[in-house]
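Per this note's numbering, residue 1179 is the first one in the sequence shown, and the count goes up by one each step.
Just so you know, even glycine gets a beta-carbon here, dropped at the ideal spot from N, CA and C.
Notes follow the structure.
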Amino acid sequence: MGDIPPFFHSLEHDKPFSSCLTCELAFQEIDSPYTITKVFKGPECVFEYAMCLPCRQKMAESFSKESRQRITAFFENSEALSTRSQELADSEDHHEWTKHCATCRTPLAEIIDYSVACMGFGPDMVYNPFPMMICSNCEEKVQERLSKSTRDQWDKFIFDRFEGPPADALKPDGVPILV
Ligand SMILES: [Zn+2]
Ligand SMILES: [Zn+2]
1179 MGDIPPFFHS LEHDKPFSSC LTCELAFQEI DSPYTITKVF KGPECVFEYA
1229 MCLPCRQKMA ESFSKESRQR ITAFFENSEA LSTRSQELAD SEDHHEWTKH
1279 CATCRTPLAE IIDYSVACMG FGPDMVYNPF PMMICSNCEE KVQERLSKST
1329 RDQWDKFIFD RFEGPPADAL KPDGVPILV
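In structure tokens:
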């Protein structure tokens, strides 16, 4: 493990994310990992948030059962994901982990829009399968697996918490779910 690299720091606050978007508990004080997600449209990070694992799990549990099963199946059946976990098992270089789309293996250099996510525990970065980069094509494939109620619920969750330009910039596609 090592420190969370600056790439995954909060752009808005110019320092590492320190608390959960949902429960607002400080990452230094909770005994569980958390994830940091950033959404890029071209070179620009248009959206970023950090959430503790218990809140992520609560959110996932609130999704329809069908949606959950479909998302799980998408990631579990991904050969690319298990291959990269083996290939990069010894790497603690976040560039290595995010060089290709985790599910279709397209190189980052050929991708325009994408999301990245990493996992932290206290001040440290946790590797495998995070950090992860997913291209917008694959995100769409995940979104397509969600029921309309799940998608609406997710959009509402995001837009209730983020007002103004960052959230607006993401319309009308909504925010990708990176479970
Ligand atoms: Zn939380
Ligand atoms: Zn992809």
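Checklist entry - From what residue to what residue does the beta strand (DSSP E) around cysteine 1230 run? => result Residue mapping note: residue 1230 aligns to position 52 of the sequence shown, counting from 1. Looking at the DSSP string, the run of the beta strand (DSSP E) that includes cysteine 1230 is 1222-1230.
Item to check | Pocket of ligand 2 defined by Cβ to heavy atom distance under 7 Å | outcome: Selection output, chain order preserved: Cys1279, Thr1281, Cys1282, Thr1284, Ile1312, Cys1313, Asn1315, Cys1316.
Next on the checklist: Let me check you understand the geometry: is the CB of threonine 1213 closer than 7 Å to at least one non-hydrogen atom of ligand 1?
Outcome noted: Residue numbering aside, residue 1213 sits at position 35 when the sequence shown is read from its first letter. No, Cβ of threonine 1213 sits at least 7 Å from all heavy atoms of ligand 1.
Checklist entry - Hey, is methionine 1229 close to ligand 1, as in C-beta under 7 Å from one of its heavy atoms? => result On the sequence shown, residue 1229 is found 51 positions in, with the first residue counted as 1. Because some heavy atom of ligand 1 lies under 7 Å away, the Cβ of methionine 1229 counts as near it: yes.
Item to check | Check whether proline 1309 and histidine 1272 have beta carbons under 8 Å apart | outcome: Counted from its first residue, the sequence shown places residue 1309 at position 131. Counted from its first residue, the sequence shown places residue 1272 at position 94. Yes, these two residues count as a Cβ contact at 8 Å.
Next on the checklist: Less than 7 Å separating the Cβ of cysteine 1223 from some heavy atom of ligand 1?
Outcome noted: As a first step, residue 1223 is located in the sequence shown; it is residue number 45 there, counting from the start. No - ligand 1 has no heavy atom lying nearer than 7 Å to the Cβ of cysteine 1223.
Item to check | Backbone secondary structure at phenylalanine 1195 - three-state DSSP | outcome: Taking the first residue of the sequence shown as position 1, residue 1195 is located at position 17. Here phenylalanine 1195 sits in coil by DSSP.
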